[in-house]
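Worksheet: the structure to be examined is printed underneath.
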Amino acid sequence: MLFGLSMWYDVKAMSCFWKEDQKKMEKIQELLSKYFGYEAFREGQEDLIRAQLARRDVFGIMPTGGGKSLCYQIPALMMEGITLVVSPLISLMKDQVMALKSVGVAGAYINSSLTPAQIRLVYRNVAAGMYKIIYVAPERLQTEGFCRAVAGIRISMLAVDEAHCISQWGQDFRPSYLQIVDFLRQLPYRPVVSAFTATATRQVQEDVIRLLGLENPLTVVTGFDRPNLHFQVLRPKSKPEPLCSLMAQRRHQCGIVYCSTRKEVEKVCDLLQEQGFSATRYHAGLEDAERRQNQEDFVYDRRSVMVATNAFGMGINKSNVGFVIHYNMPQSMEAYYQEAGRAGRDGSPADCILLYAPGDVYTAKFLIQHPGENPMLTPETQQLLMTRDLQRLEKMIGYCKTESCLRGYILGYFGQPHEKRCHNCGNCNRQGVQVEITPQTRQILECVRQIHKMLGYYIGPTAVIGVLAGSAEKRILSLGLDSLSAYGSLKSQNRNDIRTWVQTLESKGYLRTHPEHGGLFPTEKAGKVLSGEEQVFMFAEKAPAQPKAAPALQPEGGLLGALKSLRSRLALEAGVPAYIVFSNAALEDMARKAPCTMEDFLKVKGVGQYKAQEYGEVFLAEIRKYLGK
Numbered sequence: 019m020l021f022g023l024s025m026w027y028d029v030k031a032m033s034c035f036w037k038e039d040q041k042k043m044e045k046i047q048e049l050l051s052k053y054f055g056y057e058a059f060r061e062g063q064e065d066l067i068r069a070q071l072a073r074r075d076v077f078g079i080m081p082t083g084g085g086k087s088l089c090y091q092i093p094a095l096m097m098e099g100i101t102l103v104v105s106p107l108i109s110l111m112k113d114q115v116m117a118l119k120s121v122g123v124a125g126a127y128i129n130s131s132l133t134p135a136q137i138r139l140v141y142r143n144v145a146a147g148m149y150k151i152i153y154v155a156p157e158r159l160q161t162e163g164f165c166r167a168v169a170g171i172r173i174s175m176l177a178v179d180e181a182h183c184i185s186q187w188g189q190d191f192r193p194s195y196l197q198i199v200d201f202l203r204q205l206p207y208r209p210v211v212s213a214f215t216a217t218a219t220r221q222v223q224e225d226v227i228r229l230l231g232l233e234n235p236l237t238v239v240t241g242f243d244r245p246n247l248h249f250q251v252l253r254p255k256s257k258p259e260p261l262c263s264l265m266a267q268r269r270h271q272c273g274i275v276y277c278s279t280r281k282e283v284e285k286v287c288d289l290l291q292e293q294g295f296s297a298t299r300y301h302a303g304l305e306d307a308e309r310r311q312n313q314e315d316f317v318y319d320r321r322s323v324m325v326a327t328n329a330f331g332m333g334i335n336k337s338n339v340g341f342v343i344h345y346n347m348p349q350s351m352e353a354y355y356q357e358a359g360r361a362g363r364d365g366s367p368a369d370c371i372l373l374y375a376p377g378d379v380y381t382a383k384f385l386i387q388h389p390g391e392n393p394m395l396t397p398e399t400q401q402l403l404m405t406r407d408l409q410r411l412e413k414m415i416g417y418c419k420t421e422s423c424l425r426g427y428i429l430g431y432f433g434q435p436h437e438k439r440c441h442n443c444g445n446c447n448r449q450g451v452q453v454e455i456t457p458q459t460r461q462i463l464e465c466v467r468q469i470h471k472m473l474g475y476y477i478g479p480t481a482v483i484g485v486l487a488g489s490a491e492k493r494i495l496s497l498g499l500d501s502l503s504a505y506g507s508l509k510s511q512n513r514n515d516i517r518t519w520v521q522t523l524e525s526k527g528y529l530r531t532h533p534e535h536g537g538l539f540p541t542e543k544a545g546k547v548l549s550g551e552e553q554v555f556m557f558a559e560k561a562p563a564q565p566k567a568a569p570a571l572q573p574e575g576g577l578l579g580a581l582k583s584l585r586s587r588l589a590l591e592a593g594v595p596a597y598i599v600f601s602n603a604a605l606e607d608m609a610r611k612a613p614c615t616m617e618d619f620l621k622v623k624g625v626g627q628y629k630a631q632e633y634g635e636v637f638l639a640e641i642r643k644y645l646g647k
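Okay, here's the thing in structure tokens:
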């Protein structure tokens, strides 16, 4: 009897549990549709949300544009008290709060852009329960005023955005992130702690969990692949002309051009403006007011192209970026993927193009070896970071030189399984044939061997190419390298061809460039070629890799063009970026479905109840007008 009664209670308890869980899921789905305009979650989102609501720590590694923000915003709306979101940049906070307000969610940020009076007002509103989500910089957590303001407020969750910043092995290490744990220890109780990032190697993942003190976290890695992005590496003799050709093909698109130095930013921005492109610039050498103005001009679509150093980008949530061009090679794969990932955030197709030249390597090494003073880092830590960065540079160079699938190279770097060919990158889509370069390879390897035997050390690729070409450059003659039998052994060949062969041998692992001194040296693999055990082949394109100039695109027409024009007018009137009204992806879905009723309008992806109420009638009127109804 007792056993039967126990079973009855167990069944009843389980029934109550499932009913409660079902109610919770219904609420989650309701919020997803009501505020964000989606009917289904992306991969990993639901698991992360459910775990946080069950008061479990989480760690989400999701690609840029993968919906990380939604993973903590929905739990924040359902939890009691407030959610603190630690964010590294002022621009990111402003953008997130603006996006929340656009869907009817009250949020706030506290940072140095606010006056003391504005900060006090936010504190009063927090105490009054007006906000569910508060964005703060990590430095704010240690200020007396902030700690006093939140002392009597229930903090249900602390979400750490761009969590890789806490790791010395991350590409954007910020010592201030280490203060997060100190803040948590000061609280009378421990909230749920969630961490999110788009780029994290295995080592960085382990660092984040350890340094944030995540307790038995649910770790979700949805993968690093962005299928909508098309990757391409070009190796032009000179960069200005190819850049202008690429820009001409994308004249009516919004994009970012990254340069490695301030000087390069100025040069490229001037070039594009001279060519009639609507370009502006961003780097740390500009006055704060000019930098803010230029960023706003880009975000609000007053300028379509931003030319910038890597100081620009983190926290820029602009969803309608159609291309990212790297005029110079970045210093790491992490940096490249994060910067390239700012294209196509709304899921629309976008291009990620890198213009590579050997000189980029020397610039990158110089920047790594001269990082500037940082009083927060010990000399030992600085040396550690330099060594790490030089190792990362090697992988970045490998990406620029590889003949294999570019997407596969990226995914392999982050430890994700992948197909040999993606059929959606510059290398996979090339047209050409395999040609044998074994004789040339032997001559190049023999030249490298002779140089080392004579000097006792290895020299850089440019000098090696000079020796092979029979150059009379001062350095080569002063070292006596013209006395080698290898000197001029390839002088009948085009110098660019010699450079291509050397780059190919590096990409195939027969040669390597030392990350510190830059000397070109043979690997063990090279011995098989010299002994006759192995042949070497390279891919030869039928058409030149350098892009051809294309006529400027005509303005978009059709219903999509009409909807984009309407969006621009509404955004201008409201004083917000165009993508805050609707993303490109939402407008594309709207144009495909052409809804004529409010019921159908709510079925458009990205259209929630608040936006339907705010913009529905005016967009429906535009659609009916276009359709003649």
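Going by this note's numbering, the letters in the sequence shown line up with residues 19 to 647, in that order.
Backbone N, C-alpha and C define an ideal beta-carbon position, used for all residues, glycine too.
{"query": "For Ile152 versus Ile67, is the C-beta distance shorter than 7 Å?", "result": "no"}
{"query": "Buried or exposed for Asp515, please, with buried defined as at least 16 other CB atoms from any protein chain shown within 10 angstroms of its CB.", "result": "exposed"}
{"query": "So, does the region 260–269 touch the region 95–110, judging by three or more C-beta pairs under 8 Å?", "result": "no"}
{"query": "For Tyr345, collect the residues of the same chain with a Cβ closer than 7 Å to its Cβ; drop the 5 residues on either side in sequence, then sort them by chain order.", "result": "Lys257, Leu261, Val275, Tyr276, Cys277, Glu282, Val286 and Leu373"}
{"query": "Using the Cα positions of Pro569 and Arg172, report the straight-line distance between them to the nearest angstrom.", "result": "Low per-residue confidence applies at Pro569: pLDDT is 37, beneath 50, and the placement is therefore not dependable enough to give any value."}
{"query": "Are Ala326 and Val342 close, meaning C-beta to C-beta below 7 Å?", "result": "no"}
{"query": "List in chain order: all unbroken beta strand (DSSP E) runs of 3+ residues lying wholly within the region 366–448.", "result": "368–373"}
{"query": "Could you give the residue range of the alpha helix (DSSP H) that holds Gln313?", "result": "Asp306 to Val317"}
{"query": "What is the DSSP secondary structure of Ile455, counted as helix, strand or coil?", "result": "coil"}
{"query": "Just how far apart, CA to CA, sit Ser586 and Arg530?", "result": "51 Å"}
{"query": "Assuming Pro479 and Pro348 form a contact by the criterion Cβ under 8 Å, report the distance between their Cβ atoms to the nearest whole angstrom.", "result": "The pair is not a contact, with the Cβ atoms about 20 Å apart (cut-off 8 Å)."}
{"query": "Quick one: residues in its chain with C-beta nearer than 6 Å to the C-beta of Ala297, no 5 flanking neighbours on either side, listed in chain order?", "result": "Cys287, Leu290, Gln291, Val323 and Val325"}
{"query": "May I have the straight-line CA-CA distance separating Phe249 from Tyr141, to the nearest angstrom?", "result": "46 Å"}
{"query": "Identify the continuous beta strand (DSSP E) that holds Leu95 and give its terminal residues.", "result": "First-last for Leu95: Lys86 to Met96, but that is the alpha helix (DSSP H), not the beta strand (DSSP E)."}
{"query": "Applying the criterion that 16 or more other CB atoms from any shown protein chain within 10 Å of the CB defines a buried residue, is Arg320 buried or exposed?", "result": "exposed"}
{"query": "Within a Cβ cutoff of 8 Å, which residues of the same chain sit near Phe295, ignoring the five residues on either side of it in sequence?", "result": "Met265, Arg269, Ser322 and Val323"}
{"query": "Locate the beta strand (DSSP E) running through Met265, then write down its first and last residues.", "result": "Met265 -> not in any beta strand (DSSP E); alpha helix (DSSP H) instead, spanning Pro258 to Ala266."}
{"query": "Can you tell me where the alpha helix (DSSP H) holding Phe619 begins and where it ends?", "result": "Met616 to Phe619"}
{"query": "If we count the other Cβ atoms within 10 Å of its Cβ and call it buried at 16 or more, is Gly390 buried or exposed?", "result": "exposed"}
{"query": "Nearest to Ser194 by alpha carbon, out of Gln204, Ala181, Pro206 and Leu205?", "result": "Ala181"}
{"query": "Go ahead and label Lys86 buried or exposed: buried means 16 or more other beta carbons lie within 10 angstroms of its beta carbon, across all protein chains shown.", "result": "buried"}
{"query": "So for Ala567, helix, strand or coil by DSSP?", "result": "Residue placement at Ala567 is flagged as unreliable, the pLDDT there being 38, under the threshold of 50; a coordinate-derived value is accordingly withheld."}
{"query": "Kindly indicate which residue of Val103, Ala481, Leu578 and Ala368 has the alpha-carbon position closest to the one of Gly537.", "result": "Ala481"}
{"query": "For the pair the region 238–247 and the region 360–368, tell me if three or more CB-CB distances fall below 8 Å.", "result": "yes"}
{"query": "Output the boundary residues of the alpha helix (DSSP H) element that contains Leu588.", "result": "Gly576 to Ala592"}
{"query": "Thinking C-alpha only, which one of Arg448, Phe242 and Pro209 is nearest Glu98?", "result": "Pro209"}
{"query": "I need the boundaries of the alpha helix (DSSP H) containing Ser120, first residue and last residue.", "result": "Ile108 to Ser120"}
{"query": "Under 7 Å, do Ser525 and Thr420 count as touching if we go by C-beta distance?", "result": "yes"}
{"query": "If you draw a straight line from the C-alpha of Thr147 to the C-alpha of Glu48, how long is it?", "result": "Looking at the sequence provided, one finds Gly at residue 147 rather than Thr. Their Cα atoms are separated by approximately 22 Å."}
{"query": "Apart from the five residues just before and just after Tyr475, which ones in its own chain have a Cβ nearer than 7 Å to its Cβ?", "result": "Gly537"}
{"query": "Please check the pair Leu654 and Ala490, which I expect to be a contact at CB under 8 Å, by giving their CB distance rounded to whole angstroms.", "result": "In the structure as shown, the chain begins at 19 and stops at 647. Residue 654 is therefore absent and cannot be evaluated."}
{"query": "Does Val226 come out as helix, strand or coil in the three-state DSSP assignment?", "result": "helix"}
{"query": "Quick one: what's got a C-beta closer than 6 Å to Cys272's C-beta in the same chain, skipping five residues either side?", "result": "Ser322, Asn338, Val339 and Gly340"}
{"query": "Could you tell me which of Asn447, Ser501 and Val622 sits nearest to Leu473, measuring between CA atoms?", "result": "Ser501"}
{"query": "Between which two residues does the beta strand (DSSP E) carrying Cys272 extend?", "result": "Cys272 to Tyr276"}
{"query": "Return the residue from the list Arg360, Phe637, Val238 and Glu617 that minimises the CA-CA distance to Arg60.", "result": "Val238"}
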